[in-house]
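Heads up: the structure comes next, in structure tokens.
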Amino acid sequence: MVVSGEIETPVVPASTMTQVTFLNKTGRVDVLCEPGESLLQAGLRHGLELPYACGAGVCGTCVARSKPNTVENLWPNAPGAAQLNAGKGECLLCQGAALKDCEILVPAKIDLS
Numbered sequence: 000m001v002v003s004g005e006i007e008t009p010v011v012p013a014s015t016m017t018q019v020t021f022l023n024k025t026g027r028v029d030v031l032c033e034p035g036e037s038l039l040q041a042g043l044r045h046g047l048e049l050p051y052a053c054g055a056g057v058c059g060t061c062v063a064r065s066k067p068n069t070v071e072n073l074w075p076n077a078p079g080a081a082q083l084n085a086g087k088g089e090c091l092l093c094q095g096a097a098l099k100d101c102e103i104l105v106p107a108k109i110d111l112s
């Protein structure tokens, strides 16, 4: 456990984490995701400026793409998920969690260099 003030945070063994590679035309960035952690949370924790507005699955601003069976949808009935094209591997960063090491294609306007 890591103790910060009065809050105890469990340390997650690296062996249970997944490696997620955020990529687009500007570059690629590898981050480690904790089990059940949303892709958005992991990216923000690593300092990426990912697109999002609500962070709760409502607005659909954080749409990205992944390969099939690599991302778990934490809230399948999220209002923002209604606009997704599942056939193209679209997911919401705020409601997606990596099931295994994977690549996530984010909009080109995000600078990953």
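Heads up, the sequence shown is in numbering that gives the first Met the number 0, so the first residue is 0 and it goes up one at a time. Positions of the beta carbon are idealized from the N, C-alpha and C atoms, including for glycine. Model, not experiment: these values are computed from the prediction.
{"Item": "Cβ-Cβ separation, Glu36 to Ala80 (assumed contact under 8 Å), whole Å", "Value": "About 18 Å; that fails the 8 Å criterion."}
{"Item": "Nearest-angstrom beta carbon gap, Leu31 and Gln40 [assumed within contact, 8 Å]", "Value": "Not a contact, Cβ separation roughly 12 Å."}
{"Item": "Segments assigned beta strand (DSSP E), at least 3 residues, entirely inside the region 45-98", "Value": "62-65, 70-72, 89-91 and 95-97"}
{"Item": "Cutoff 7 Å; reference Pro50; Cβ partners in own chain excluding five residues on either side", "Value": "Thr60, Cys61, Pro106 and Ile109"}
{"Item": "Range covered by the beta strand (DSSP E) that runs through Ile131", "Value": "Because the chain is modelled from 0 through 112, residue 131 falls outside the range shown and cannot be assessed."}
{"Item": "From Lys99, Gly42 and Gly88, residue whose alpha carbon lies closest to that of Gly54", "Value": "Gly42"}
{"Item": "Pairwise C-alpha distance: Ser65 and Ile103", "Value": "5 Å"}
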